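Engineer: In our numbering, the protein residues as written are 2 to 239.
Positions of the beta carbon are idealized from the N, C-alpha and C atoms, including for glycine.
Predicted model only: the values in this text are computed from it and were never measured.
Here it is, the structure in full.
So this is what it looks like as structure tokens:
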């Protein structure tokens, strides 16, 4: 019967249709993969990356064989291709931890800043003239000064006296050092001597030999600028 004949032909027609559809899809997939592979080759050439292979499964790319220092750049180039869906990398081609430059070479770390020059330590003086020059330099940088009308050293004055003490501990035995105190005009004359004694004792407490530093007194008329609240130190030959 005609109806029976058509019913027998339907499964055959359906199978033929499915087969043709599969062939069409397979052909289209091959065309897509071929086109993406060609684009991938051009993209890698544009950025100068070689030494690896890109394969496609549909629109999904897989990278193999790229050196570690090229892998990150290769992945970036493939991801930029229109039509690529995902990009994976296989094997021991993991991208390096550091940043990669556009030329494909790992970026170099910035140069270390130059080391600051080492401070030069002045040579230790060996004679009277050398010690006097160094004493004058230290006193010019940090004068030994006092609070007004007292024998109390200022913070800077104490720091200056300690610097002098460091110097005089290495002085040869044939040298002595005269400590001269000053006061402003109108002040008690004994104050100048007491200020000199204050410095003498500080030097002895910090390593200067007892018989190498001694105190004297002097008056001065300049008190406005602080010159009347200081001590001077003079090197002498025994």
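For residue 80, count neighbouring Cβ atoms within 10 angstroms of its own Cβ and tell me buried if that reaches 16, exposed if not.
Structural biologist: To locate residue 80, count along the chain shown from 1; it is residue 79. When all chains shown are included, residue 80 counts as exposed.
Engineer: Where do the ends of the beta strand (DSSP E) carrying residue 182 lie?
Structural biologist: One-based indexing of the chain shown puts residue 182 at position 181. First-last of the beta strand (DSSP E) with residue 182: 176–182.
Engineer: So, at 8 Å on beta carbons, what are the nonlocal neighbours of residue 175 in its own chain, with the 5 sequence-adjacent residues on each side left out?
Structural biologist: Sequence index remark: in the chain shown, residue 175 carries index 174 (1-based). Within the same chain, residue 175 has close Cβ partners 238, 239.
Engineer: I'd like the list of long-range same chain contacts for residue 91, defined as Cβ closer than 8 Å, with 5 residues on each side in sequence excluded.
Structural biologist: Taking the chain shown and counting its residues from 1, the one referred to as residue 91 is at position 90. 63, 64, 65.
Engineer: Would you call the CB atoms of residue 146 and residue 164 closer than 8 Å?
Structural biologist: Position 145 of the chain shown, counting from 1, holds the residue named residue 146. Position 163 of the chain shown, counting from 1, holds the residue named residue 164. No; because the gap between Cβ atoms is not below 8 Å, this pair is not in contact.
Engineer: By the 10 Å Cβ neighbour count, where 16 or more other Cβ atoms means buried, how is residue 104 classified, buried or exposed?
Structural biologist: The residue you call residue 104 lines up with position 103 of the chain shown. A caution first: residue 104 carries a pLDDT of 45, below 50, which makes its placement in the model unreliable, though a value can still be read off. Counting Cβ neighbours within 10 Å, residue 104 comes out exposed, since fewer than 16 surround it.
Engineer: Counting beta carbon pairs with one atom in the stretch 38–57 and one in the stretch 67–87, are three or more of them shorter than 8 Å?
Structural biologist: The stretch 67–87 vs the stretch 38–57: in contact.
Engineer: Run through DSSP, which three-state label would residue 200 get?
Structural biologist: On the chain shown, position 199 is the one that residue 200 refers to. Three-state DSSP puts residue 200 in a helix.
Engineer: Classify residue 1 as helix, strand or coil using the three-state DSSP reduction.
Structural biologist: For residue 1 there is no data in the structure shown, the boundaries of the chain being 2 and 239.
Engineer: So for residue 98, helix, strand or coil by DSSP?
Structural biologist: Translated into the one-based positions of the chain shown, residue 98 becomes position 97. Unreliable placement is indicated for residue 98, whose pLDDT of 49 sits below 50; the coordinate value is still reported in the next sentence. It is coil, neither helix nor strand.
Engineer: Kindly give me the distance between the Cβ atoms of residue 166 and residue 208, rounded to whole angstroms, as I take these residues to be in contact under 8 Å.
Structural biologist: Counting from 1 along the chain shown, the entry for residue 166 is found at position 165. Counting from 1 along the chain shown, the entry for residue 208 is found at position 207. That belief holds up - the Cβ atoms of residue 166 and residue 208 are roughly 6 Å apart, short of 8 Å.
Engineer: Quick check on residue 40: does DSSP put it in helix, strand or coil?
Structural biologist: By 1-based counting over the chain shown, the position of residue 40 is 39. Three-state DSSP puts residue 40 in a helix.
Engineer: Are the beta-carbon atoms of residue 215 and residue 177 separated by less than 8 Å?
Structural biologist: On the chain shown, residue 215 is found 214 positions in, with the first residue counted as 1. On the chain shown, residue 177 is found 176 positions in, with the first residue counted as 1. Yes, Cβ-Cβ distance for residue 215 and residue 177 is below 8 Å.
Engineer: Can you tell me the Cα-Cα spacing of residue 151 and residue 205, whole angstroms?
Structural biologist: Within the chain shown, residue 151 is the residue found at index 150, counting from 1. Within the chain shown, residue 205 is the residue found at index 204, counting from 1. Using only the alpha carbons, I get a separation of about 21 Å.
Engineer: Please name the residue, chosen from 168, 116, 154, that lies closest to residue 124 on a Cα-to-Cα basis.
Structural biologist: Counted from its first residue, the chain shown places residue 124 at position 123. Ranking the options by Cα distance to residue 124, first place goes to 168.
Engineer: If we require 3 or more residues per run, which beta strand (DSSP E) segments fall completely within the stretch 54–93?
Structural biologist: Runs found: 54–58, 61–65, 87–90.
Engineer: DSSP three-state call for residue 166: helix, strand or coil?
Structural biologist: Within the chain shown, the letter at position 165 stands for residue 166. In the structure shown, residue 166 sits in a helix (DSSP, three-state: H, G or I).
Engineer: Can you say whether residue 71 is buried or exposed, counting buried as having 16 or more other CB atoms within 10 angstroms of its CB?
Structural biologist: As a first step, residue 71 must be located in the chain shown, where it is residue number 70. The residue in question, residue 71, is buried, as its Cβ has 16 or more Cβ neighbours within 10 Å.
Engineer: If we call anything under 8 Å between Cβ atoms a contact, is residue 181 one with residue 197?
Structural biologist: On the chain shown, residue 181 is found 180 positions in, with the first residue counted as 1. On the chain shown, residue 197 is found 196 positions in, with the first residue counted as 1. Yes.
Engineer: Please confirm whether residue 82 and residue 38 have their CB atoms less than 8 Å apart.
Structural biologist: Your numbering for residue 82 matches position 81 in the chain shown. Your numbering for residue 38 matches position 37 in the chain shown. Result no, Cβ atoms of residue 82 and residue 38 do not sit closer than 8 Å.
Engineer: In the structure shown, what three-state DSSP assignment does residue 33 receive?
Structural biologist: Taking the first residue of the chain shown as 1, we reach residue 33 at position 32. Three-state result, residue 33: helix.
Engineer: If you compare alpha carbons, which of 114, 116, 139 is closest to residue 234?
Structural biologist: Taking the first residue of the chain shown as 1, we reach residue 234 at position 233. It is 139.
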